[in-house]
Structures are given as C-alpha cells and as structure tokens.
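Be aware that the sequence shown starts at 3, since it is given in our numbering, and climbs by one per residue.
Cβ coordinates follow ideal geometry from the N, Cα and C atoms, glycine included.
Keep in mind it's a predicted model, so treat the numbers as computed, not measured.
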Amino acid sequence: MFTGALTTARLKAIATLMVLSTCGCAGKTQVTSFVVHGDASELFGSGTRLKAHYLDGGSGARYLIAFHDTELGIECNFVETSQGRYACLPLRSLSTFAGSSCTQPVVQTPQSFCNNEPSVAAGDSFTVASTDCSALQGVFSAVEQEAVDSTSWIDQAGSCTSHGALPSAWSTKSEPLTQFVRGTASLVGAPEATQAVRVTAEDGAFTNLALTANGEPCTAYADLERCVPGPVTQRSFIAFVDASCSEKAVAEVRVPIRDQCIGAQPRYLVETSTSCAAETAVHALGDRLDPYVLLGGCQLLSSSDPRGTEGNSYYRIGKPVSSAEFAVVHAAALGTGELTVRGFTDGDGVPIRTAPTVSFTERGSWALRDGTRCNVLLAPDGQLHCVPQIAGEDSVFSDAGCTQPLTRYRPGCPNAKIEYLAAGDLRSCPPRFDHIFAAREYSGPVYRTSSTPGQCIPDGLDQEDPPPSFLSHGEAVSPDHFPLVLDTTDQ
C-alpha cells in the first residue's frame, strides 16, 4: 500500500510527456498543456473485505468508481459520517423525504438522471445526508411502496424545501452504521503545498478524498496550479448590489453542510474566461449582502425568493488577487500509456487525487496520449471504449421525413472540434452507443418533428442569431478504433 511521498529518484524516473507552462499575472494564469506523472493506482487500493472497483485504461491510468463490500454485497464509497469519522456507505443515495421536516427519507424512482437506473427492491440500502454536524451521513433501507402526500428535500446548503406529493415511493427504515467498514483519515502530499485527505479502512483498503491546504478544505484549479480555500462560489446572473439594479458585482454560494460544521467561509470567486485562450482570475469577496433582483421591478431578493435560490448566500465581488498566495497543486495526466486520467499532484509532483467529473454520466476525466479529451462509452459488444471529441444526435434532421438525424452545434475553439457522432443512449450510466460515425459538416435544409404526430416541418433557423451549424453522419467507425477501458474489480 502506498502511504508516503515518492522519492526524488523515483519521480525523475517517471515519464514526463508534456510540461505545464504558466505565468501568474494579477491573479490570471495561462496553462498550455498537461504534465504526465505516475500511476493513478497509488491513489487507492483494496483491503481484505473492500475490493476496489475501477476503470483501467492501462499503464497506470485508473479511475476508482467505488469499493465492493464483499461481506454486504454492495458498492460503497467512503464518506464523512460525522466530523473526522469515515465509513464506506452505499453508493446509492437519497435526497427526498416524506413530509416537510426532511427527517424521514423515501426512495423516489427513478433515483437519478441515468436512463438505466437499477430498480429498487425491499432491503436495498441508501446513504442519506443530514443537517446534523454530529451525524452528517446515515443509511436507510427500502421497506415497502406507498403513496406520499407531501415531500421535501435538503439542498446543498442545508435548507429544507417542500415539494409535491408522490403517487408511489418506497418507505425506509434506519440502519446501524456498525455494519459498514470504518476508516481513519490522514494527510498525504508535501506539507508545504496541497495535500489530500486519505482514508484508510480497518481492512487495509484506502483512497484519497478531498484536498486541503493549511488545514482548510480547498478546490484545485488546473489553470491556476493552485488550490483555493473555502467553499466554491460563482457569479450571480440575477442579483444586483444596488436598489436600482444597475450593479451586478454579486457572487452567490451554497455553503455545504460539512463546511458549515467546521466554520469554513466563502472568501474568493474564481472565474475562467470563455475565450479559446482561457484565463482564470481570482477575486476576493467583500461583505455579505441582501441583493436585489428584477422581478416586476427592482426589489430585495429576500422578499421574492425566485425558485432555485433557496439556501444561497450573497457577497459583493471585491478586487482581483494574485493566485501566488494559495497552496501549489499541479494538474496532471495520470498514466504513461495510450490513455491518461486527469488528476492533481502536490508541489513535488506526487499524485494526490484524480480530478472530479463534471457530468453525472462521466466516470473519470480521460484523455488520449496527445491530450485530446475522450469519453468512456459502452459499446454494443459490452466493452468500454474512450471516444474523443464526441456529440450525440439532436432533434433535427436533414430530410423531410425526419429520419436522418443531425447534430446542432456552434463552432468554437479549434480544440473543441467535434470528430464523431454517437447514436445511442448517452444518458445511461455509463453512456451507451449503438453506432459511431465520423462527423461531417452539413449545410442543406433542416427539418424537425411537429407537435402533430407524424409530421415533419422545416426548422425555424431564422429565429436564432447567429444561426447554428450542423453535422451529419459520415462513415461508420468500428469501436475497435478507440482505446479499450476495462471495468475491473480486484479479487
């Protein structure tokens, strides 16, 4: 089991295929490429009871999906059950509750956005978050199906919001945490830079979780090569500083329950430009404020509460700050073969964590050896392949019978070019394709289905400014053309 830092000699022996180049300018940093370091399997390992379930792209490119608990027969991941205490709890989770108090969870089906969400059976167990700092996570199991008159849910910031009734949902009962594998936390990585919280289980299994710097949770930004402390904030596009709704210098944030429990405060806003030559800037946050919104006139947000803002807090956006004051963390492409997994290293180049995914269907942020991003998709033969620069079919067609699908897109940066089109279910988990086609530019007539069943009508492109571009299916491409990724569970 890997528990310490890599030696200098070992680091020099690791193949470096690309080098990060940065320049810190008033809080902005330009990154031109990734570095390739080490073996992602150093970030997790199996124990006697918990067996690592991961995707393996070969040559050290590995991404942990979950642990398989061989005693309980479930997939689990380590979570913080209370401050400083960890356990490997069920991968499936609940966020809907019966009634208005957010205390009695129910299993609403389907449970996720995945089209192939597994069915629920009596006895299935689920992880449930709470607003109690002494019991951040618990486990409930499904009991029986019944109608629920009213429901509620807890948002990320701990607000309990009421929702409508459910015609059918599974009632649940609480399960003791003693049946699940416990773990203890330690820190790995160079102390003077960004470190990772490592959880080591009672049976010897281990995994690296959140990043931390100077004793405070932080979020890694590859473009900055820094880990920014405090909860993540974003610019608000609906809120204004002033009563005339003329100044939009407002940041919004939902402080997660765990951060609330340890007293972590939002302090910075990190923004990346949308241009091809992306630059990332950091701003300090000013005072907390009660912002104004335009809803039938300029009025205080607290008196209107637009849907989706529950639990948000708002701050004035302050002056730019230099990223040099934050702890160092390096973006890295982990693995030395045909495929790599995006991750992070500490200041000495020691791998400390794989990067989090941004889509609910993704399982790891993968790339080809040359740095081209690719998506892990399930082929018709049941194998996983990493397909680069892909898009799915849209609801528009190239023929008056609406049988030849097109993909609508807007030309962007050169590295955002779409090379392949997928026909299949890209909302399954993992995304599934039936066929892959080379993408071809299309400039002919465009049609769409009408609200009248069976009717196909010209698409109203004149309503869009500028009008979009379209891609059509080119020649079919065999799945064997794309690198294979193995779905593996240690024995």
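C-alpha gap between residue i and residue j, whole angstroms
{"i": "Arg269", "j": "Cys458", "result": "53 angstroms"}
{"i": "Leu486", "j": "Thr311", "result": "42 angstroms"}
{"i": "Glu364", "j": "Gly476", "result": "26 angstroms"}
{"i": "Pro258", "j": "Trp368", "result": "28 angstroms"}
{"i": "Tyr88", "j": "Arg184", "result": "6 angstroms"}
{"i": "Val479", "j": "Asn117", "result": "25 angstroms"}
{"i": "Ser161", "j": "Pro308", "result": "15 angstroms"}
{"i": "Ala393", "j": "His437", "result": "12 angstroms"}
{"i": "Met20", "j": "Thr374", "result": "Residue placement at Met20 is flagged as unreliable, the pLDDT there being 25, under the threshold of 50; a coordinate-derived value is accordingly withheld."}
{"i": "Thr202", "j": "Phe80", "result": "9 angstroms"}
{"i": "Lys494", "j": "Val272", "result": "As displayed, the chain neither begins before 3 nor continues past 493, which places residue 494 out of reach and without an answer."}
{"i": "Asn314", "j": "Phe399", "result": "41 angstroms"}
{"i": "Gly29", "j": "Thr342", "result": "Reliability fails at Gly29, whose pLDDT of 35 lies under 50, so the model's placement of it is uncertain and no value is given."}
{"i": "Val199", "j": "Asp261", "result": "15 angstroms"}
{"i": "Ala283", "j": "Ser325", "result": "8 angstroms"}
{"i": "Gly75", "j": "Glu340", "result": "33 angstroms"}
{"i": "Thr454", "j": "Leu336", "result": "51 angstroms"}
{"i": "Leu291", "j": "Ala266", "result": "18 angstroms"}
{"i": "Pro469", "j": "Glu82", "result": "48 angstroms"}
{"i": "Val167", "j": "Ser173", "result": "Reading off the sequence shown, one finds Ala at residue 167, where the question assumed Val. Cα to Cα, the separation comes out at about 14 angstroms."}
{"i": "Val389", "j": "Thr111", "result": "31 angstroms"}
{"i": "Gln181", "j": "Val141", "result": "10 angstroms"}
{"i": "Val33", "j": "Ser275", "result": "Because the pLDDT of Val33 is 38, which lies under 50, any placement of that residue in the model is unreliable, and the number read from its coordinates should be weighed accordingly. Taking the straight line joining both Cα atoms gives about 13 angstroms."}
{"i": "Arg355", "j": "Thr347", "result": "7 angstroms"}
Neighbour-count burial assignment, residue i, 16 or more Cβ in a 10 Å radius
{"i": "Glu227", "result": "buried"}
{"i": "Arg412", "result": "exposed"}
{"i": "Ser397", "result": "exposed"}
{"i": "Val360", "result": "exposed"}
{"i": "Phe115", "result": "exposed"}
{"i": "Phe239", "result": "exposed"}
{"i": "Gly40", "result": "buried"}
{"i": "Leu287", "result": "buried"}
{"i": "Pro433", "result": "buried"}
{"i": "Lys53", "result": "buried"}
{"i": "Cys25", "result": "Low confidence applies here, because Cys25 scores a pLDDT of 32, under 50, leaving its location unreliable; read the following figure in that light. Answer is exposed; the Cβ neighbour count stays below 16."}
{"i": "Leu96", "result": "buried"}
{"i": "Glu254", "result": "buried"}
{"i": "Gln85", "result": "exposed"}
{"i": "Ser474", "result": "buried"}
{"i": "Ile156", "result": "buried"}
{"i": "Asp58", "result": "buried"}
{"i": "His387", "result": "buried"}
{"i": "Gln197", "result": "buried"}
{"i": "Asp134", "result": "exposed"}
{"i": "Gly462", "result": "exposed"}
{"i": "Asp289", "result": "exposed"}
Which listed residue (the options) has its alpha carbon closest to that of residue i
{"i": "Gly345", "options": "Gly339, His332 and Thr338", "result": "His332"}
{"i": "Leu296", "options": "Ala369, Cys135 and Phe242", "result": "Phe242"}
{"i": "Ala357", "options": "Phe472, Gly62, Val108 and Thr221", "result": "Thr221"}
{"i": "Pro353", "options": "Gln406, Gly62 and Cys376", "result": "Gly62"}
{"i": "Leu488", "options": "Tyr56, Arg51, Gly160 and Gly40", "result": "Tyr56"}
{"i": "Ala425", "options": "Lys419, Glu443 and Gln406", "result": "Gln406"}
{"i": "Leu423", "options": "Asp225, Leu408 and Phe99", "result": "Leu408"}
{"i": "Ala212", "options": "Asp225, Asp205, Glu204 and Gly191", "result": "Gly191"}
{"i": "Ser246", "options": "Ile264, Leu302, Val199 and Gln85", "result": "Leu302"}
{"i": "Phe439", "options": "Pro481, Gly446, Pro460 and Gly462", "result": "Pro481"}
{"i": "Phe128", "options": "Ala144, Glu119, Ala149 and Cys135", "result": "Ala144"}
{"i": "Asp350", "options": "Glu194, Leu428 and Leu291", "result": "Glu194"}
{"i": "Ala123", "options": "Glu177, Gln147 and Gly446", "result": "Gln147"}
{"i": "Lys175", "options": "Pro219, Val150, Gly125 and Pro169", "result": "Gly125"}
{"i": "His285", "options": "Gly299, Ile319, Ser304 and Arg256", "result": "Ile319"}
{"i": "Val330", "options": "Thr490, Phe99, Gly456 and Tyr223", "result": "Tyr223"}
{"i": "Phe484", "options": "Leu189, Arg371, Arg410 and Arg256", "result": "Arg371"}
Extent of the continuous beta strand (DSSP E) run through residue i
{"i": "Cys263", "result": "Counting along the chain, Cys263 falls outside any beta strand (DSSP E), though it belongs to the alpha helix (DSSP H) covering Ile259 to Ile264."}
{"i": "Cys376", "result": "Arg375 to Leu380"}
{"i": "Thr409", "result": "Pro407 to Tyr411"}
{"i": "Ala478", "result": "Ser471 to Val479"}
{"i": "Val141", "result": "Gln139 to Val150"}
{"i": "Phe69", "result": "Arg64 to Asp71"}
{"i": "His165", "result": "Cys162 to His165"}
{"i": "Leu296", "result": "Tyr294 to Leu296"}
{"i": "Ala357", "result": "Segment: none, Ala357 is in no beta strand (DSSP E) and carries neither H nor E."}
{"i": "His483", "result": "Neither: His483 is in no beta strand (DSSP E) and is coded neither H nor E."}
{"i": "Leu370", "result": "Trp368 to Leu370"}
{"i": "Ser554", "result": "Here the chain has residues from 3 to 493 only, and residue 554 is not among them."}
{"i": "Ile319", "result": "Ser315 to Val323"}
{"i": "Phe346", "result": "Leu341 to Thr347"}
Any non-hydrogen atom of the ligand NAP within 6 angstroms of residue i CB
{"i": "Gly288", "result": "Questions concerning the ligand NAP fall outside what the structure shown contains, since it holds no ligand whatsoever."}
> Given 8 angstroms as the limit, is there contact between the region 60 to 79 and the region 380 to 392, that is, 3 or more CB pairs closer than that?
Replying inline: With a cut-off of 8 angstroms, the region 380 to 392 and the region 60 to 79 do not count as touching, because too few Cβ pairs lie within range.
> Is the region 98 to 105 touching the region 233 to 242 in the sense that three or more CB pairs, one from each, lie closer than 8 angstroms?
Replying inline: Because the criterion of three Cβ pairs below 8 angstroms is not met, the region 233 to 242 and the region 98 to 105 do not touch.
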